[in-house]
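When we follow our numbering, the leftmost residue of the sequence shown carries the number 31, and every step to the right adds one.
Where a beta carbon is used, it is the ideal one built from N, C-alpha and C, also for glycine.
Keep in mind that this is a model prediction, so the values were computed, not measured.
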Amino acid sequence: MAGFQYNHSRLIDPEEISKYCFTILPVRIHVRDDIANAATLALVRDWNELVQDGREKISHCSLCDKGNWCSFIFPESIPNRLGLLTYLTDIGLIHDDACEEMSMEDAHHEHLDLDAALDLEDTRALAKESKSSKTKSLASYALLECVKIDHQQSIAMLQSYRKQWLSVMEHHDTRTFESLEAFFRARSLNGGMGAYWSMISFSLGVTLTPEDKALMEGVVESAERALLLTNDYYSWERELEQSGIQEDGKFFNVVNFFMEREFIDAESALEKVKQRILFYEAEYLERKENLYKSHVVPSHIKDWLESAGLAVAGNHYWSATCPRHNDWRAAPIQLRTHLSIGDLAAMYPETDGNHDISRSLTSHEASDTSRTSVSQDSGRCDKVEAGADLLDTSAIQAPCDYIRSMPSKGFRSALIEALNIWMQVPPRKLDIITEVIDLLHSSSLMLDDIEDDSSLRRGKPSTHAVFGTSQTINSATYLYTCAVQEATKLDSPESVNIVLDELQTLFVGQSWDLYWKYNLRPPMEKEYFEMVDRKTGGLFRMLVRLMEASSSTGKTARLNLDDFSRKIGRFFQIRDDYMNLVSHTYSQQKGFCEDLDEGKFSYLIVHCLAHDALCGDQIIGLFRSRLLMPDQPLSREAKLHILECLEKTKSMDATLGLLQDLETQIEGAILKLEEDLGEPNFPLQLLLKSLTVKEAILNA
31 MAGFQYNHSR LIDPEEISKY CFTILPVRIH VRDDIANAAT LALVRDWNEL VQDGREKISH
91 CSLCDKGNWC SFIFPESIPN RLGLLTYLTD IGLIHDDACE EMSMEDAHHE HLDLDAALDL
151 EDTRALAKES KSSKTKSLAS YALLECVKID HQQSIAMLQS YRKQWLSVME HHDTRTFESL
211 EAFFRARSLN GGMGAYWSMI SFSLGVTLTP EDKALMEGVV ESAERALLLT NDYYSWEREL
271 EQSGIQEDGK FFNVVNFFME REFIDAESAL EKVKQRILFY EAEYLERKEN LYKSHVVPSH
331 IKDWLESAGL AVAGNHYWSA TCPRHNDWRA APIQLRTHLS IGDLAAMYPE TDGNHDISRS
391 LTSHEASDTS RTSVSQDSGR CDKVEAGADL LDTSAIQAPC DYIRSMPSKG FRSALIEALN
451 IWMQVPPRKL DIITEVIDLL HSSSLMLDDI EDDSSLRRGK PSTHAVFGTS QTINSATYLY
511 TCAVQEATKL DSPESVNIVL DELQTLFVGQ SWDLYWKYNL RPPMEKEYFE MVDRKTGGLF
571 RMLVRLMEAS SSTGKTARLN LDDFSRKIGR FFQIRDDYMN LVSHTYSQQK GFCEDLDEGK
631 FSYLIVHCLA HDALCGDQII GLFRSRLLMP DQPLSREAKL HILECLEKTK SMDATLGLLQ
691 DLETQIEGAI LKLEEDLGEP NFPLQLLLKS LTVKEAILNA
């Protein structure tokens, strides 16, 4: 296209292209193909040393003597993103190859397992040696590097990867398609096209709005169909051979579709697919030019559409020449690299490809065991025998089931899983600890909503609004007894003492939060921090202490994790208070600035009152009026006035600054723990990045 600036790719001679394939589009390759190759080799090495299932020895990844697949499909990628995209792509290729040999049901479960492994809020308690845990470590390693580069794009890419590929694959019996359109709809999901388009966005650093996507829809459809048909055309012989060991209805290839639907032989079907590919490539060009003529198309959309066309052509050339489709019976050549994925970005702008990298993901020991799962009876105390003929626990359990059915942030469960990389708590005990924390957290949510007069919890009516205040208090108290009973299963008196000790601390912290609110007596900052350390930090401290008491290694026993727990508690609580006032999502789930309805002395309010007496008097006055009408929320006007006071005293900025400082301190604490323990913890780093407030980037 005239005027399009190619910054990172070079043109492949059209005569060279014509020797191997029939695309009518220009083929370009990224000038830093060495970065992509290094990433593929790093993934193969890491898979071998960490997962240890041998898949990397039989799966042909992105390597090709003409160039790496990702150098062709992301030819204009920002260089420090190319290696990360390649690493993630090759995880997908090895995963996909493994699933080809499974039944549809088994493959679907395998996809869901990887889907959960890529979930930032994955709450499963995974054994460290399970394949799921190992896969999550691999993916977390690469995703952490992506997040460091571009938080917003990385999260969008990850969500698309999960929701538009993994969670929807293997749902279709290929014998049931009645039309080519139906085939394309299913093939797009099976081929992960939604995920791939999000990777193009990440490669370019381009964010597309829903309006942008609607404008581009026709052009993207043509490019997508050309991509899908090209893959099926060149992978036909390999997939035909694989189909001999697959169950009926799993052979997902358009050549086979035409053969069965039109009763033609393979040669005729291949020619039909070839003509379709040429048609869709030409249609892509025509629709793109018509769009440019009929609309004032922003430059970022043009960049994206041009890159999509380059991907179609590059995929075509690579597919025609790569070992994956053309020499699949031969074992992949086992090349080696010393590079780790965390250093691929550092290869830009120049490298000799032979850096001596000291830090590697594969410092973990690895062996394969099956993962554990939480019992379906988790969260319920043993059956009450007295009077069990007539009365069971259903009435007391109903509010508990209701609160636990709500969408969860899953932070505490994810933290437990991440910390277990170091502590290596046996799976059964890890399940128990996770359940103890979940029971206590659920109980505290029910009581908090009553004490704060909250009508909403995560966008749904609060538990006491559904079941009544008295029943909710009774059920919440019941959960405390369940948690203590669960802790006894850890076979350690120390564990029960830890739970009771931290519960006592938590209740003392909550008592001061309630005291200040009822008496309209704002705390000093030091008092506020001590309250948070007791109330929010108590639960984090409890889970750390329980894990240390059950650790099979005792590696962390010599380290003081109290400071780490305290910082995590402060960050989590103050971030939650901040988001309550600034996040649109929080407003939808809990109501507009709901903390102000409660008369809560959050850090923002405490800071404001300490820095402006007049604003402080006005806020206290509005909180006092709330006590006179306890059933009425503060008016929108009153809330807006409080927000103006917070802006005037720069309390918003001060809170954000404090959060950023806490995040930096936690990052430093993690690095120090990694150094002291001699083992990196990428899931823990990624978990913190998912909550980042650096550069005011929030998961709003």
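Here Gly687 is exposed: its Cβ has fewer than 16 other Cβ atoms, across all protein chains shown, within 10 Å. It is roughly 16 Å from the alpha-carbon of Asn527 to the alpha-carbon of Arg564. Spatial neighbours of Arg317 in its own chain (CB-CB distance under 6 Å, excluding positions within 5 residues in sequence) are listed in chain order as Gly248, Val249, Ser252. The shortest C-alpha to C-alpha distance from Val514 to any of Gln501, Asp543, Leu576, Leu449 is the one to Leu576.
In this structure, DSSP gives Ile635 a helical state, which the three-state scheme calls helix. When the five nearest sequence neighbours on each side are left out, the beta carbons in the same chain lying within less than 6 Å of the beta carbon of Met682 are those of Leu676, in order along the chain.
Taking C-beta separations shorter than 6 Å and ignoring five residues to either side along the sequence, the partners of Ser473 in its chain run Ala506, Leu509, Tyr510, following chain order. The secondary-structure analysis by DSSP pairs His60 across a beta bridge with Ser39. Per DSSP, the unbroken alpha helix (DSSP H) holding Met246 starts and ends at 240-264.
Contact check between the segment 701-712 and the segment 449-458: three or more CB pairs, one atom from each, fall below 8 Å, which counts as touching. Annotated as proximal: His38 and Pro109, with beta-carbon spacing under 8 Å.
Proximity to Arg442 across Leu460, Tyr347, Pro429, Cys430 peaks at Leu460, based on C-alpha coordinates.
The alpha-carbon of Thr679 is positioned some 17 Å away from that of Leu652. The C-beta distance from Gly235 to Gln183 rounds to 7 Å, short enough to meet the 8 Å contact threshold. Counting every other CB atom within 10 Å of its CB across the protein chains shown gives Val326 a total below 16, marking it as exposed.
Beta-bridge annotation (DSSP): Lys490 is paired with Arg487. Secondary structure of Gly97 (DSSP, three-state): coil. Ranked by Cα distance from Arg487, the options Asp625, His346, Thr119 are led by Asp625. Here Thr722 has His181, Glu693 as same chain residues with Cβ atoms under 7 Å from its own Cβ, once five neighbours each way along the sequence are excluded. Remark: C-beta atoms of Leu335 and Met246 approach each other more closely than 8 Å. Secondary structure note for Cys512: its alpha helix (DSSP H) is the uninterrupted segment 499-517. DSSP places Ile294 in no alpha helix (DSSP H); its state is neither H nor E. The C-beta of Ser582 has fewer than 16 other C-beta atoms within 10 Å across all chains shown, which makes the residue exposed.
Sequence-distant Cβ neighbours of Glu697 in its own chain, meaning closer than 7 Å and more than five residues away, are Leu718. DSSP places Asp593 inside the alpha helix (DSSP H), whose first and last residues are 592-612.
A straight-line Cα-Cα distance of about 7 Å links Arg571 and Arg596. Residue burial annotation: Lys547 is buried, with at least 16 other C-beta atoms found within 10 angstroms of its C-beta. In the DSSP assignment, Lys547 falls within the unbroken alpha helix (DSSP H) covering 523-549. Judged by beta-carbon spacing, Leu475 lies beyond the 8 Å limit of Leu569, meaning their Cβ atoms are not closer than that value. Spatial neighbours of Glu628 in its own chain (CB-CB distance under 8 Å, excluding positions within 5 residues in sequence) are listed in chain order as Asp482, Asp483, Ser484, Lys547.
Under the three-state reduction of DSSP output, Gly687 falls in the helix class. Met223: member of the alpha helix (DSSP H) spanning 223-234, first to last residue.
One alpha carbon belongs to Gln648, the other to Phe559, and they sit about 24 Å apart. Counting along the chain, Val466 sits inside the alpha helix (DSSP H) bounded by residues 457-481.
Between the C-alpha atoms of Asp357 and Asp120 there is a straight-line separation of about 18 Å.
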